[in-house]
Structures are given as C-alpha cells and as structure tokens.
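Reading through the structure tokens given below for one structure.
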Amino acid sequence: MNEIEQYEFDRVGYLIVPDLLTGAQVKSLSAAIDALEDEAAIRADQPPRKKSPSGSVYHHNAEKGYYTRGAREPGNTLIIEDFFNADPAFDALVNHPPTMAYIDAIIQERATINNSELRIRYPGNQTGTHMGGPIGSKYRYSFNQEGINCMMARMIYFVHDVGPDDGPFCVVPATHKSNLNSPYQGRNPDEEPGMIGLAAQAGDGILFTENLRHGGLTNQSNTTRKTIHVGYGPFWMKSQNIATLDEDPYILSQTYARYSPEQRHLFRAWPAMLEREFAGE
Ligand SMILES: O=C(O)CCC(=O)C(=O)O
672 MNEIEQYEFD RVGYLIVPDL LTGAQVKSLS AAIDALEDEA AIRADQPPRK KSPSGSVYHH
732 NAEKGYYTRG AREPGNTLII EDFFNADPAF DALVNHPPTM AYIDAIIQER ATINNSELRI
792 RYPGNQTGTH MGGPIGSKYR YSFNQEGINC MMARMIYFVH DVGPDDGPFC VVPATHKSNL
852 NSPYQGRNPD EEPGMIGLAA QAGDGILFTE NLRHGGLTNQ SNTTRKTIHV GYGPFWMKSQ
912 NIATLDEDPY ILSQTYARYS PEQRHLFRAW PAMLEREFAG E
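Here the sequence shown is numbered in the working numbering, starting from 672 and rising by one per residue.
Here it is, written out as structure tokens:
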C-alpha cells in the first residue's frame with residue numbers, strides 16, 4: 672500500500688484498487704459464483720435452517736459448508752456465507768498476496784479472515800445503508816503512532832463491470848471519522864445525502880473500513896450484480912458472518928486439508944491453536 676493509497680484510505684475510508692485480480696482469476700471465480708448460485712437458489716428456503724443472532728434465517732448446507740438466505744427473484748438478494756468451503760476456486764483469495772499487502776497495512780495485529788459472503792443482487796435490489804460515525808469499538812477506525820488501525824475492513828472483488836445503474840457499492844465518504852450518527856431517517860441509500868456509488872470493473876477490488884457508512888444503490892439494470900466480499904480483523908475477533916456471528920471460523924476439515932500453512936493461518940483465531948499447527952500436531 673503506497674503513500675498515496677494510505678493517504679486516500681485514511682481521508683475517505685475506502686480505496687478502489689484497479690486490476691487486483693488477473694483475467695484468469697476473474698474467469699474462474701465468476702464460474703464458481705454462477706455454479707454456487709444455481710445450487711443455493713434452490714436450497715435457500717429449505718431445511719436445515721439456522722436462525723442468526725440478528726433473526727435472519729439461513730439454510731445450512733453442511734456437506735459443502737455454506738449458509739445461504741434470500742431468493743433468486745427481482746428485488747431480492749441471495750447471500751452465500753462461508754463460500755470458501757464450497758469450491759476450491761475460491762482458494763485463490765485466501766492469502767492472496769496483493770490483497771494481503773493492503774490488509775497488513777491497515778490492521779495492526781495479526782489479521783485473520785472473519786467474514787466471507789457472496790452477494791448476488793437481482794434487478795431492483797438495494798442494500799440498506801449502515802454503519803458510519805461513532806459505532807462503538809468493534810468495527811472502529813482509528814489512527815495511532817503506528818498508523819492506520821482498522822478493527823474490521825473488507826475487500827470487495829469484482830468479477831464483472833458494475834456501472835452507476837448496476838447496483839454499485841456505495842459510501843458516504845469520510846463518515847468513518849464522523850463524530851455524530853447520521854441524522855437521516857431510513858436506510859434507503861438512493862436517498863441519503865452524501866452517498867456516492869462506486870463504479871468498478873472486472874478484476875478491481877474495493878477496500879473499505881467497516882466504520883464507513885455504506886450500502887448498495889438500487890440495481891436499475893436488467894443484469895444481476897455478483898460480488899465477493901471478504902472481511903478481515905485482528906486474530907482475536909471471531910466470525911463476523913451473520914449466520915455464525917461470534918462463533919469460531921467455519922472451515923470444514925476438507926477445506927483445511929487443501930490449504931497451505933499460510934492459508935490456515937488466516938483462519939486460526941487463537942495463538943495456541945496456531946502454535947500447535949506449526950508444531951505439526
Ligand atoms: O455491496 C453492497 O450491496 C453492500 C455491501 C456491504 O454492505 C458490505 O460489504 O458490508
């Protein structure tokens with residue numbers, strides 16, 4: 672992360688990273704999302720069900736190791752959490768060197784992956800505005816003697832172009848430093864003053880602090896918006912996926928089996944486990 676990128680990230684709370692993925696990665700990730708969408712869309716309202724602490728109800732596919740909710744229909748979103756378990760194509764994003772160069776520059780303690788979701792947003796859908804301002808300590812953005820100090824940050828990966836009408840990710844710049852909560856009523860991102868949509872191209876990434884006020888503008892096009900979201904935080908923070916909130920990272924034994932030690936490191940929440948891992952136990 673160079674000096675200009677650090678300055679811009681600190682100033683506005685997000686950074687668009689062009690060409691974060693190779694063309695081959697875009698192709699294979701896109702195919703993996705499509706295949707998982709086909710399967711999850713059929714199962715989303717079927718048992719077994721799990722109710723998250725926030726009340727959302729998910730279908731749990733224990734064999735493939737993912738949770739899903741929503742529906743494949745206009746106006747709706749299909750969310751697939753813990754997708755890393757479901758297809759080895761996603762392994763390319765675990766210990767992805769260009770991503771880690773950014774993450775290690777903005778999270779001061781050893782960073783681990785605490786959030787993984789595919790967002791498949793059908794025409795007419797929007798993502799309600801959330802976060803921004805004094806949101807408490809869990810996701811806070813701060814700056815200290817060592818520099819940028821994020822408690823939680825996310826990288827969004829784009830596998831197709833997303834223009835202004837395609838339901839872009841949106842932010843109210845600089846609200847990660849705001850001292851006041853947003854006074855605007857409702858969660859409609861299309862109507863919130865100061866909200867801007869961030870267009871991106873296939874292969875780009877958008878890095879942002881979870882402290883920033885954000886959401887997704889209404890998808891006004893006829894195409895479905897599909898993005899990959901991966902969250903990071905200090906190693907002691909447990910899962911920040913909605914279905915498994917504050918549980919241990921949900922990684923199947925077969926997923927661990929195909930990971931390198933460095934990739935496993937990114938799901939090792941606790942130092943003792945890490946030590947055993949590297950001792951070969
Ligand atoms: O891209 C979107 O529609 C919203 C994404 C979001 O809220 C998130 O990644 O936290």
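All C-beta atoms in this analysis are idealised placements derived from N, C-alpha and C, irrespective of residue type, glycine included.
Checklist entry - Should residue 828 and residue 899 be called a contact, given that it needs their Cβ atoms to be closer than 7 Å? => result If you number the sequence shown from 1, residue 828 lands on position 157. If you number the sequence shown from 1, residue 899 lands on position 228. Contact flag set, yes.
Next on the checklist: Looking at the secondary structure, which residues open and close the beta strand (DSSP E) in which residue 813 lies?
Outcome noted: Here residue 813 refers to the residue found at position 142 of the sequence shown. Residue 813 -> beta strand (DSSP E) spans 812–815.
Checklist entry - What is the rounded straight-line gap between the Cα of residue 721 and the Cα of residue 814? => result For the purposes of this step, residue 721 is taken as the residue at position 50 of the sequence shown. For the purposes of this step, residue 814 is taken as the residue at position 143 of the sequence shown. If you take the alpha carbons of residue 721 and residue 814, they lie about 38 Å apart.
Checklist entry - Is the segment 883–897 touching the segment 780–799 in the sense that three or more CB pairs, one from each, lie closer than 8 Å? => result Counting Cβ pairs under 8 Å, three or more are found: they touch.
Next on the checklist: Alpha carbons only, please: which of 852, 731, 776 and 690 is nearest the one belonging to residue 678?
Outcome noted: Along the sequence shown, one-based indexing puts residue 678 at 7. When each option's Cα is compared against that of residue 678, the closest is 776.
Next on the checklist: Measuring straight from C-alpha to C-alpha, what distance separates residue 868 and residue 757?
Outcome noted: What you label residue 868 is simply residue 197 of the sequence shown in a count that begins at 1. What you label residue 757 is simply residue 86 of the sequence shown in a count that begins at 1. Inter-residue distance for residue 868 and residue 757 is about 30 Å (C-alpha atoms, whole angstroms).
Checklist entry - residue 725: which of 915, 924 and 923 sits nearest, CA to CA? => result Position 54 of the sequence shown, counting from 1, holds the residue named residue 725. Nearest of 915, 924 and 923 to residue 725, Cα basis: 915.
Next on the checklist: Can you find the residues in the same chain that come closer than 6 Å, C-beta to C-beta, to residue 786, ignoring five residues on each side of it along the sequence?
Outcome noted: On the sequence shown, residue 786 is found 115 positions in, with the first residue counted as 1. If we look at residue 786 and ignore the five residues flanking it on each side, its Cβ neighbours are 902, 911 and 912.
Item to check | Cα-Cα separation, residue 931 to residue 833 | outcome: Reading the sequence shown from its first residue, position 260 is the one you call residue 931. Reading the sequence shown from its first residue, position 162 is the one you call residue 833. Spanning the two alpha carbons is a distance of roughly 33 Å.
Item to check | Option in 780, 855, 804 and 892 with minimal Cα separation from residue 746 | outcome: Here the question's residue 746 lines up with position 75 in the sequence shown. Minimum Cα-Cα distance from residue 746 among the listed residues 780, 855, 804 and 892 corresponds to 892.
Checklist entry - Under a CB-based cut-off of 7 Å, is residue 816 close to chain D? => result Structure shown: chain D not included; a single protein chain is present.
Checklist entry - Could you give the C-beta distance for residue 741 and residue 749, rounded to a whole number, given that I count them as a contact under 8 Å? => result Position 70 of the sequence shown, counted from the first residue, corresponds to residue 741. Position 78 of the sequence shown, counted from the first residue, corresponds to residue 749. Between residue 741 and residue 749 a beta carbon distance of about 4 Å is seen, short of the 8 Å cut, so the two are scored as contacting.
Checklist entry - Could you give the distance in angstroms between the alpha-carbon of residue 755 and the alpha-carbon of residue 704? => result In the sequence shown, counting from the first residue as 1, residue 755 sits at position 84. In the sequence shown, counting from the first residue as 1, residue 704 sits at position 33. So the alpha carbons of these two residues sit roughly 11 Å apart.
Item to check | residue 922 versus residue 880: straight-line alpha-carbon distance, rounded | outcome: On the sequence shown, position 251 is the one that residue 922 refers to. On the sequence shown, position 209 is the one that residue 880 refers to. Distance between the alpha carbons of residue 922 and residue 880 is about 24 Å.
Item to check | Within the segment 727–814, ranges of the alpha helix (DSSP H) (whole runs, at least 4 residues) | outcome: Runs found: 768–777.
Checklist entry - Between residue 783 and residue 937, is the Cβ-Cβ spacing less than 7 Å? => result Walking along the sequence shown from the start, residue 783 turns up at place 112. Walking along the sequence shown from the start, residue 937 turns up at place 266. For residue 783 and residue 937, yes; Cβs fall inside 7 Å.
Checklist entry - What runs of the alpha helix (DSSP H), each 4 residues or longer, lie entirely inside the segment 873–932? => result As far as the segment 873–932 is concerned, its whole alpha helix (DSSP H) runs of at least 4 residues are 924–929.
Checklist entry - In angstroms, rounded to a whole number, what distance separates the CA positions of residue 801 and residue 890? => result The count along the sequence shown starts at 1 and reaches residue 801 at position 130. The count along the sequence shown starts at 1 and reaches residue 890 at position 219. Going by the C-alpha atoms only, they are around 18 Å apart.
Item to check | Pairwise C-alpha distance: residue 772 and residue 878 | outcome: By 1-based counting over the sequence shown, the position of residue 878 is 207. By 1-based counting over the sequence shown, the position of residue 772 is 101. So the two alpha carbons sit approximately 12 Å from each other.
Checklist entry - When you compare each of 841, 874 and 850 to residue 858 by their alpha carbons, which one comes out closest? => result Here residue 858 refers to the residue found at position 187 when the sequence shown is read from its first residue. Nearest Cα to residue 858 within the set 841, 874 and 850: 841.
Item to check | residue 830 in three-state terms, based on DSSP | outcome: Against the sequence shown, residue 830 aligns to sequence position 159. Residue 830 sits in coil when the DSSP states are folded into three classes, being neither helix nor strand.
Item to check | Expected contact under 8 Å - CB spacing of residue 845 and residue 697 to nearest Å | outcome: Locating residue 845 in the sequence shown gives position 174, counting from the first residue. Locating residue 697 in the sequence shown gives position 26, counting from the first residue. Contact between residue 845 and residue 697 does not hold, since the beta-carbon distance rounds to 30 Å and is not under 8 Å.
Item to check | Beta-bridge pairing of residue 840 - partner residues as DSSP gives them | outcome: Your numbering for residue 840 matches position 169 in the sequence shown. Partner(s): 887.
Item to check | Sequence-distant residues of the same chain with beta carbon closer than 7 Å to residue 717, five excluded per side | outcome: Taking the sequence shown and counting its residues from 1, the one referred to as residue 717 is at position 46. Once the five neighbours on either side are set aside, the close Cβ partners of residue 717 are 730.
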